[in-house]
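Asker: Remember, the working numbering sits 13 above the position in the sequence shown when you count from 1. Glycine included, C-beta positions come from ideal geometry on N, C-alpha and C.
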Amino acid sequence: MNEIEQIKEILALPKDIVILTHRNPDGDALGSSLALKLFLEEQAHSVKVILPSEYPKIFHFLPSIESCAVYDLNQEYALEQIEKAQVIFCLDFNGLDRIDKMGLKVQESNAKKILIDHHLDPEPFADFQFSDTKASSTCELVYDFIENLGQKEKINVPIGECILTGIITDTGSFKYSTNPRAYQIASQLKERGVDDYQLNDKIHNTLTEKQLRLLGHCLANRLELIPEYQTGIISLTKDDYHSFKIGRGDTEGIVNHILMIDGIKVAAFIREQPTIVKMSFRSKGDISVADIARNHFNGGGHKNAAGGAAYASLKDIISRFKKELPNYIDKIETL
Ligand code: 5GP
Ligand code: MN
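#1: In the DSSP assignment, what residue or residues form a beta bridge with residue 249?
#2: Please report how far the alpha carbon of residue 276 lies from the alpha carbon of residue 326, in whole angstroms.
#3: With DSSP as the reference, please indicate the residues paired to residue 9 in a beta bridge.
#4: Identify every residue that forms a DSSP beta bridge with residue 184.
#5: Just to confirm, are residue 183 and residue 227 a CB contact at a threshold of 8 Å?
#6: Taking only runs that begin and end inside the segment 70 to 157, name each unbroken beta strand (DSSP E) of 3 or more residues, in chain order.
#7: Is it buried or exposed for residue 173, if we count other Cβ within 10 angstroms and need 16 for buried?
#8: Taking 8 Å as the cut-off, decide whether the C-beta atoms of residue 45 and residue 62 are in contact.
#9: Could you give the distance in angstroms between the alpha-carbon of residue 270 and the alpha-carbon of residue 213?
#10: Verify the contact flag: residue 151, CB atom, against every heavy atom of the ligand MN, threshold strictly below 7 Å.
#11: Determine the extent of the alpha helix (DSSP H) in which residue 40 is found, giving its start and end residues.
#12: Along the chain, where does the alpha helix (DSSP H) containing residue 343 start, and where does it finish?
#13: At what residues does the beta strand (DSSP E) containing residue 237 begin and finish?
#14: Use the C-beta contact count for residue 115: other C-beta atoms within 10 angstroms, 16 or more gives buried, fewer gives exposed.
#15: Within 10 angstroms of its Cβ, does residue 25 collect 16 or more other Cβ (buried), or is it exposed?
#16: Taking a contact to mean a Cβ-Cβ separation below 8 Å, would you say residue 33 touches residue 112 in this structure?
#17: Going by beta carbon distance, what residues of the same chain come within less than 8 Å of residue 311, once the five residues before and after it are set aside?
#18: Helix, strand or coil, according to DSSP, for residue 229 in the structure here?
#19: Does the distance between the C-beta of residue 145 and the nearest non-hydrogen atom of the ligand MN fall short of 7 Å?
#20: Any chance you could list the beta strand (DSSP E) runs of at least 3 consecutive residues sitting entirely within the segment 310 to 339, in chain order?
#21: Rounded to whole angstroms, what is the Cα-Cα separation between residue 7 and residue 301?
#22: DSSP three-state label for residue 214, please.
#23: Please return the same chain residues whose Cβ sits closer than 7 Å to the Cβ of residue 38, not counting the five positions on each side in sequence.
#24: Considering residue 21, what are the terminal residues of the alpha helix (DSSP H) in which it resides?
#25: Helix, strand or coil for residue 351? Go by DSSP, reduced to three states.
#26: Hey, quick one: how far does the beta strand (DSSP E) through residue 59 stretch, first residue to last?
#27: Going by the beta-carbon positions, is the gap between residue 194 and residue 166 smaller than 8 Å?
#28: Whose C-alpha, out of 200, 278, 282 and 329, is nearest the C-alpha of residue 232?
#29: Quick one: grab the DSSP three-state call for residue 291.
#30: Following a CB-centred definition, is residue 3 positioned closer than 7 Å to any heavy atom of the ligand MN?
#31: Tell me whether residue 259 sits in a helix, a strand or coil according to DSSP, three-state version.
#32: Is any heavy atom in the ligand MN found nearer than 7 Å to the beta carbon of residue 230?
#33: With distances taken Cα to Cα, identify the nearest neighbour of residue 341 among 164, 303, 31 and 210.
#34: So, residue 98 versus residue 57, is the Cβ gap smaller than 8 Å?
#35: On a CA-only basis, which of 155, 240 and 149 is nearest residue 343? Give me that one, please.
#36: Given a threshold of 16 other Cβ atoms within 10 Å of its Cβ, counted over all protein chains shown, does residue 234 qualify as buried or as exposed?
As structure tokens, this is what we get:
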């Protein structure tokens, strides 16, 4: 019996299902989890989505998002749900360390574990693994998953909104990481009545004044360019966090602006947080920031979008990053 047939059998009767996604969930993590939840609930399953940490407020419009439990806010409840789950879906992450202490519970659990993800090098902890690094997003893979179960007609407007949100956010509105399938799915969702214009408006035109001013601050005062290595760095200090009252999600998307400069192929956004320095990396073309993140900053991710974290000073992290650039990018002549 192939994997999908086995899963059909597992899901043939109502089950207690937990859906987990990664810390600091983004549009794809949230969209894929909620799409799958709404779909499974239609099949009479009891489904809990558990997020390791809170979601950015801009995603409040996603159908059913208020039903998500947050591990950081109620650890006991989250662990209890994982313990009693019969089926655990792991969406948009490739290793159990991405879900903190919940990872251990998942490891110990006898539930059937199903991983749906598009990151490199998934850890082999799941019973079933739908992992495809060529997918635009986990949302794309959730759409395929539902279609492969023979249930495509169950994808209604709310489910479609969740799926299209993840595709839009993980491709920067179809600017990168696209493939023919992502466009096909978007087209089919639009045919079904999903309003892409409204979704884009809700996703992109809902910054707070503080966020836009913070972006201005980053670009005006915190951007350093290293033209010979086609690299730009924005760094934020603890003082910046304090004076701009930066909260969760306020720095989302800032890193992408660095790549808008002609000739810049690598972007680093480095933040000094209370106990840790957190990094976001982006690149164009063949330069793998996933390698940089994995090899030097305890992180990982995709070739062109990765991240990491380290216990060190902001200054040390920036100089470590600069020191490694020659190992990943050919030096070019600049004027
Ligand atoms: P972001 O910069 O948006 O936080 O993350 C971009 C991508 O980098 C994520 O989708 C994720 O794949 C990866 N990533 C970010 N932070 C980490 C981390 O600390 N560890 C690992 N393994 N991957 C990360
Ligand atoms: Mn994703």
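Answerer: Working from what's here:
#1: 284
#2: 29 Å
#3: As displayed, the chain neither begins before 14 nor continues past 348, which places residue 9 out of reach and without an answer.
#4: BP columns for residue 184 are empty, so no partner.
#5: no
#6: 100 to 104, 125 to 130 and 141 to 144
#7: buried
#8: no
#9: 18 Å
#10: yes
#11: 40 to 55
#12: Taken as a continuous stretch (DSSP letters only), residue 343 belongs to no alpha helix (DSSP H), as it is neither H nor E.
#13: 236 to 239
#14: buried
#15: exposed
#16: yes
#17: 321, 322 and 323
#18: helix
#19: no
#20: 318 to 323
#21: Nothing about residue 7 can be read from this structure; the chain reaches only from 14 to 348.
#22: helix
#23: 64 and 68
#24: 16 to 23
#25: No information on residue 351 is available, as it lies outside the stretch 14 to 348 that the chain covers here.
#26: 59 to 64
#27: no
#28: 282
#29: strand
#30: Here the chain comprises residues numbered 14 to 348, so residue 3 is not present and cannot be evaluated.
#31: coil
#32: no
#33: 303
#34: no
#35: 240
#36: exposed
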